[in-house]
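Be aware that the sequence shown starts at 1, since it is given in the UniProt record's numbering, and climbs by one per residue.
No residue lacks a Cβ here, since even glycine has one placed at the ideal position from N, Cα and C.
Working notes for the structure below.
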Amino acid sequence: MFPIDRAHACPAFEAYKLGDGRQASIQQVQLPQRVLGPSLSTAVPLGYKELKARAMHSPLATHDGSSGAYIAEDRSVILVSWMGEDVSSTLLAMIPPSVYSRTSEHLPMLLAADASTWLVSGETDLLLWMHYDASSSASECKSGTLSLPVLLPPVPEAHWTLVQATTEGQSLVYVLLQRACRVTSDRRSTSSSGLSATSHTLFDVMLIRATLPLTGGECASELMWCVQCDEPVSYARIEGGSCLLGTETPIVARSDPRPASEAPHSHTQAPTLPLLQKAPYTWTQTEDTVMVALTLPEYIRSEHIRTHFSLHGLSVSLAAAALPSESAAAMPGEQALRAGAFTSQSVWGQLDPTGCVWTLEAGASMQLLTLHLAKAHEGTRWPHVFAHDDHVLETLDPSELAAMLEGVDKYTQTMPSSTLLHDTLEDDVPEAGVPLQLTWIGPEGQQVTAPTSSHALLARATPPSDPALLLQHDVDGQVFVPPSPLAWTAWHHSATVPAISYVLASKRDVHPIYVYRGTSPPTVLAAEPRHAPDAHSRGSHLYVYGAAGPQRGTSYVWPLGDATTGPILAVTVSPDAALNTPLDAIVAARLRVLGRTIALHGGLVHASADVGQHLHQQCPS
1 MFPIDRAHAC PAFEAYKLGD GRQASIQQVQ LPQRVLGPSL STAVPLGYKE
51 LKARAMHSPL ATHDGSSGAY IAEDRSVILV SWMGEDVSST LLAMIPPSVY
101 SRTSEHLPML LAADASTWLV SGETDLLLWM HYDASSSASE CKSGTLSLPV
151 LLPPVPEAHW TLVQATTEGQ SLVYVLLQRA CRVTSDRRST SSSGLSATSH
201 TLFDVMLIRA TLPLTGGECA SELMWCVQCD EPVSYARIEG GSCLLGTETP
251 IVARSDPRPA SEAPHSHTQA PTLPLLQKAP YTWTQTEDTV MVALTLPEYI
301 RSEHIRTHFS LHGLSVSLAA AALPSESAAA MPGEQALRAG AFTSQSVWGQ
351 LDPTGCVWTL EAGASMQLLT LHLAKAHEGT RWPHVFAHDD HVLETLDPSE
401 LAAMLEGVDK YTQTMPSSTL LHDTLEDDVP EAGVPLQLTW IGPEGQQVTA
451 PTSSHALLAR ATPPSDPALL LQHDVDGQVF VPPSPLAWTA WHHSATVPAI
501 SYVLASKRDV HPIYVYRGTS PPTVLAAEPR HAPDAHSRGS HLYVYGAAGP
551 QRGTSYVWPL GDATTGPILA VTVSPDAALN TPLDAIVAAR LRVLGRTIAL
601 HGGLVHASAD VGQHLHQQCP S
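What follows is the structure, given as structure tokens:
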């Protein structure tokens, strides 16, 4: 799918040279409302995969970079337009309570289908749609709600979120959505009970189409297809009802994608979900150890506990002699062990079996069994304990949470010397990017999956109207563009960003990362949010990389914001027709970065996640 054009190779490239970014100035502009962010008091704790899906979504909804919309704290959708040095804002619509309420524990998502159409997903099976054409003489925003099909079986706690949308003609819209679902499955066990339950997170992905009424109001949608994947969608393009999806793992068909209205009629009531129960164990971790704690009744003795540790798993069970007492209350830990939930289980990472131990501590009315699992790779942070069961979240100490918020000032640390031009490549170079698995789904749901690719996804293009991807190839990044019109054929290798894979591998905390094709060769933008409490915040950084010649490239480090603006949330680039110097265009271009304040940096829009309600614009002096 990704044939390499050797004409774009950069065999003579040596390094990036730090350019002088002090020629830019910052202008601060007042915003009408702050950007909506999660509330620490009401936010729902998300699993690892759900956090990954949310991180892929930008709070700044833009199509071509000429303007962008965001959701404010009062549930209003505000459009920000930038023309030259002027920045203006327009209220598009208020999100109705039927889509998203103030008391919701979930965040809504905003997406631009084109330069004048936006969609909002909330906590219900309704979407808010808005159409506003600023170039029209009658510039009035039309809005309404779009009802989603209800799939079987219903999953009340799972909410649909926007992934991609596109319009065709004046009113036809295609919308791609996904939702995270917890799935519990029975696993054959070697214990006497025979079965044990495990749960993991997967994603339902569906494509719908609808005709939006030009005068506003309610409308219904039509389900085209629904599939499932173990990971969230990382790339999507829609054209003519066909869809090209990029994910980390293969996509599979959903068992029954029909909406409820088309399902066979039955007089039996749909099964309800079981009530939320206590987790059978708790766990926490350090740099080198994962600690798993289970509560056991008093009559359990150490000789009743059977354990075995291996490189990839563990097995913990109770001996047959450890019969339960008639008067003893069943405890979650004991129930899990007797059900075989810890029998022959694969863990998320690798263990050092020689360093794994367990302890049994007596308490007032119970005992605490603690498994001390030694990590084979110190410093690796586990998202969950077991490979196929991610429903138990890590228990974090408040002091550890405070340390995470303060962040780590890595600029005071000595960085390892580069081996790009000497000896061999460093071990972390292949770790840049994420796996990419392409799948083509036609209008009728027919599915074709490409063979597993050796290319890793480094970055998507900005503005979002650009369908290009930046893929890893050795230490370089190669820009590939899908065929136009969209089809299941090979992609075009349009350019190479030399050594960018090597550069990004050393920057673990940058997000988001984009490639901008408005310069020749393309430019890579990497934002470092630098989350920290206000008293310790020193703003964020934006890294810019562009190759000026066959041997040398130029990089910039732009400081953005301070304690009053907070970290970067989103980045986009709006092209400037007056710029024609490829190397310096990205410095003087309309770069825009969005945060809870929105900042325009030399053409970038920045919005912070903390405090403030300002828009600042950085332009060349």
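Supposed contact pair residue j and residue i - C-beta distance, whole angstroms, cut 8 Å
i, j, result
"H493", "Q472", "With 8 Å as the limit, H493 and Q472 do not qualify as a contact, their Cβ atoms being about 13 Å apart."
"Q178", "V205", "5 Å"
"M224", "R237", "The pair is not a contact, with the Cβ atoms about 15 Å apart (cut-off 8 Å)."
"R552", "H391", "That pair is no contact at about 51 Å."
"residue 624", "L542", "The chain is shown from 1 up to 621; residue 624 falls before or after that span and cannot be answered."
Rounded straight-line distance, which links the Cα of residue j to that of residue i
i, j, result
"W118", "V80", "13 Å"
"residue 626", "L36", "Residue 626 lies beyond the stretch modelled for the chain, which goes from 1 to 621, so this question has no answer here."
"L128", "D288", "47 Å"
"Y299", "C243", "59 Å"
"P108", "T519", "34 Å"
"G349", "L318", "25 Å"
"T523", "W160", "34 Å"
"P464", "A374", "44 Å"
"A293", "A158", "29 Å"
"S101", "W488", "41 Å"
"T184", "P467", "36 Å"
"P483", "W491", "6 Å"
"S344", "V233", "31 Å"
"I513", "A69", "20 Å"
"S365", "C356", "27 Å"
"A547", "S501", "14 Å"
"A577", "A253", "A caution first: A577 carries a pLDDT of 44, below 50, which makes its placement in the model unreliable, though a value can still be read off. Those two C-alpha atoms are separated by around 45 Å."
"R517", "L457", "16 Å"
"G561", "E528", "12 Å"
As assigned by DSSP and simplified to three states, the class of residue i
i, result
"I305", "strand"
"G355", "helix"
"S315", "strand"
"G561", "coil"
"D5", "coil"
"A330", "coil"
"L337", "helix"
"E50", "helix"
"I238", "strand"
"I500", "helix"
"A134", "coil"
"A459", "strand"
"A55", "helix"
"I568", "coil"
"W129", "strand"
"S171", "coil"
"residue 624", "For the chain, the structure presents residues 1 to 621; residue 624 sits outside this window and is missing."
"G144", "strand"
"Q613", "With a pLDDT of 36 at Q613, under the threshold of 50, the modelled position of that residue is not reliable, and the figure given next carries that caveat. The answer is coil: DSSP assigns Q613 none of H, G, I, E or B."
"I95", "coil"
"D476", "strand"
"Q164", "strand"
"E157", "coil"
"L107", "coil"
"A432", "coil"
"residue 622", "Residue 622 is absent from the structure shown; the chain starts at 1 and stops at 621."
Cross-strand partners of residue i (DSSP beta bridge)
i, result
"R34", "Answer is none; R34 lacks a bridge partner."
"D114", "T117"
"G68", "V80"
"I251", "C229"
"T439", "L245, T449"
"W491", "According to DSSP, W491 bridges with nothing at all."
"G553", "Y16, A547"
"K507", "BP columns for K507 are empty, so no partner."
"Y514", "R460, L525"
Sequence-distant residues of the same chain with beta carbon closer than 6 Å to residue i, five excluded per side
i, result
"V316", "T307, F342"
"L92", "V77, L79, M130, Y132, C141"
"I251", "V227, C229, T439"
"D114", "H63, T167"
"E361", "L368"
Own chain, CB closer than 8 Å to residue i, minus 5 neighbours either side, in chain order
i, result
"P485", "E239, G240"
"S171", "T211, L212, P213, L214"
"M291", "W283, T284, Q285, T370, L371, H372, L373"
"A12", "P550, Q551"
"I95", "I71, R75, S76, V77, P108, V120, G122, L128"
Cβ shell of residue i (< 7 Å), same chain only, five flanking positions each side left out
i, result
"C219", "G144, L146, A210, T211, L212, P213"
"S116", "H131, Y132, D133"
"P3", "A490, H493"
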